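Colleague: Here you go, one structure.
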Amino acid sequence: GSTIGTASSTQASTEQDELSQRLAKLRQM
Amino acid sequence: MATPGLPPLPPALKAIQHYLKTATEHEQRDQVVAYYCQLYAMQKGMTIDRKSPDCKHFLVSLMDLLEKKKQQLIDNEAVHNEMVGQAHVENYALKVFLFADNEDRAGRFSKNVVKSFYTAGMLFDVLTNFGELSDDVEKNRKYAKWKAAYIHRCLKNGETPT
Chain S
275 GSTIGTASST QASTEQDELS QRLAKLRQM
Chain G
286 MATPGLPPLP PALKAIQHYL KTATEHEQRD QVVAYYCQLY AMQKGMTIDR KSPDCKHFLV
346 SLMDLLEKKK QQLIDNEAVH NEMVGQAHVE NYALKVFLFA DNEDRAGRFS KNVVKSFYTA
406 GMLFDVLTNF GELSDDVEKN RKYAKWKAAY IHRCLKNGET PT
């Protein structure tokens with residue numbers, strides 16, 4: 275259970291970063 | 286009103302609905318204003334909920350739209366240079382605010398005046414895209430929102446605004 279939980283949070287965190295990165299890139303374009 | 290090219294707005298992101306609506310209303314009239322309204326909605330939406338599947342799907346679609354729009358407006362300096370963009374949005378917001386303020390001071394109250402105050406208030410919000418608001422803009426933002434609500438209430442109750 276905890277392993278899945280950790281994997282999910284890591285994935286969610288990476289996806290959040292991607293959205294933030296795209297936003298930062300958009301504003302620099 | 287749904288934004289063309291975007292999935293339906295998830296209920297959790299209702300707070301950004303009016304900024305997206307203002308963007309849609311300005312799509313033909315002023316693409317710079319429309320772009321920065323959507324950018325503001327994007328940033329505000331990200332702070333509300335970007336984890337749940339429906340919100341994430343919506344925000345990714347909005348980001349796709351913004352990226353595409355920025356590419357299409359390649360020659361528009363106000364979109365590619367945020368300092369120019371800030372001046373553009375501020376001038377526009379002030380123009381809408383002054384129209385409503387003049388109507389109000391002349392005693393001409395209508396739904397149009399309410400809408401103009403309301404739109405000006407939201408456009409002053411959009412200016413926070415570019416950093417902290419000046420005291421004057423902050424003052425106008427609060428005044429525009431208060432006036433929109435006040436005149437709306439008076440019209441609804443059949444009272445004359447004072």
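Here the protein sequences line up with chains S and G, keeping their order. Sequential numbering of the first sequence, starting at 275, is according to our numbering. Sequential numbering of the second sequence, starting at 286, is according to our numbering. Glycine is no exception: its CB is placed at the ideal position from the N, C-alpha and C atoms. This one's a predicted model, so the numbers in the text were calculated from it and none came from an experiment.
1) Using 8 angstroms for Cβ pairs, my map puts G/Q316 next to G/L347. What's the rounded Cβ distance?
2) By Cβ distance, which residues of its chain are closer than 8 angstroms to G/A297, with the 5 residues on each side in sequence left out?
3) Just to confirm before moving on: does the CB-CB distance between G/Y320 and G/K354 stay below 9 angstroms?
4) Expressed to the nearest angstrom, what Euclidean distance is found between the alpha-carbon atoms of G/Y325 and G/L383?
5) I'd like to know whether the C-beta of G/M331 is nearer than 9 angstroms to at least one C-beta of chain S.
6) In angstroms, rounded to a whole number, what distance separates the CA positions of G/Y343 and G/P293?
7) Can you check whether the C-beta of G/Q316 is within less than 9 angstroms of a C-beta belonging to chain S?
8) Would you check if the region 435-447 of chain G and the region 412-419 of chain G touch, i.e. whether three or more CB-CB distances between them fall below 8 angstroms?
Modeller: If we stick to the structure as given:
1) Mapped onto the second sequence, residue 316 of chain G falls at position 31. Mapped onto the second sequence, residue 347 of chain G falls at position 62. Their Cβ separation, rounded to whole angstroms, is 16 angstroms, which puts G/Q316 and G/L347 out of contact at 8 angstroms.
2) Mapped onto the second sequence, residue 297 of chain G falls at position 12. Around G/A297: I333, D334, S337, D339, C340.
3) Numbered from 1 along the second sequence, position 35 holds the residue referred to as residue 320 of chain G. Numbered from 1 along the second sequence, position 69 holds the residue referred to as residue 354 of chain G. Cβ distance < 9 angstroms, so G/Y320 and G/K354 count as in contact.
4) For this step, residue 325 of chain G is matched to residue 40 along the second sequence. For this step, residue 383 of chain G is matched to residue 98 along the second sequence. So the two alpha carbons sit approximately 23 angstroms from each other.
5) Working through the second sequence from its first residue, we reach residue 331 of chain G at position 46. Chain S, which has a Cβ nearer than 9 angstroms to the Cβ of G/M331, makes this yes.
6) By 1-based counting over the second sequence, the position of residue 343 of chain G is 58. By 1-based counting over the second sequence, the position of residue 293 of chain G is 8. The amino acid occupying residue 343 of chain G in the given sequence is Phe; Tyr does not appear at that position. In a straight line, the C-alpha of G/F343 is about 8 angstroms away from that of G/P293.
7) In the second sequence, counting from the first residue as 1, residue 316 of chain G sits at position 31. With 9 angstroms as the cut-off, G/Q316 does not count as an interface residue toward chain S.
8) no
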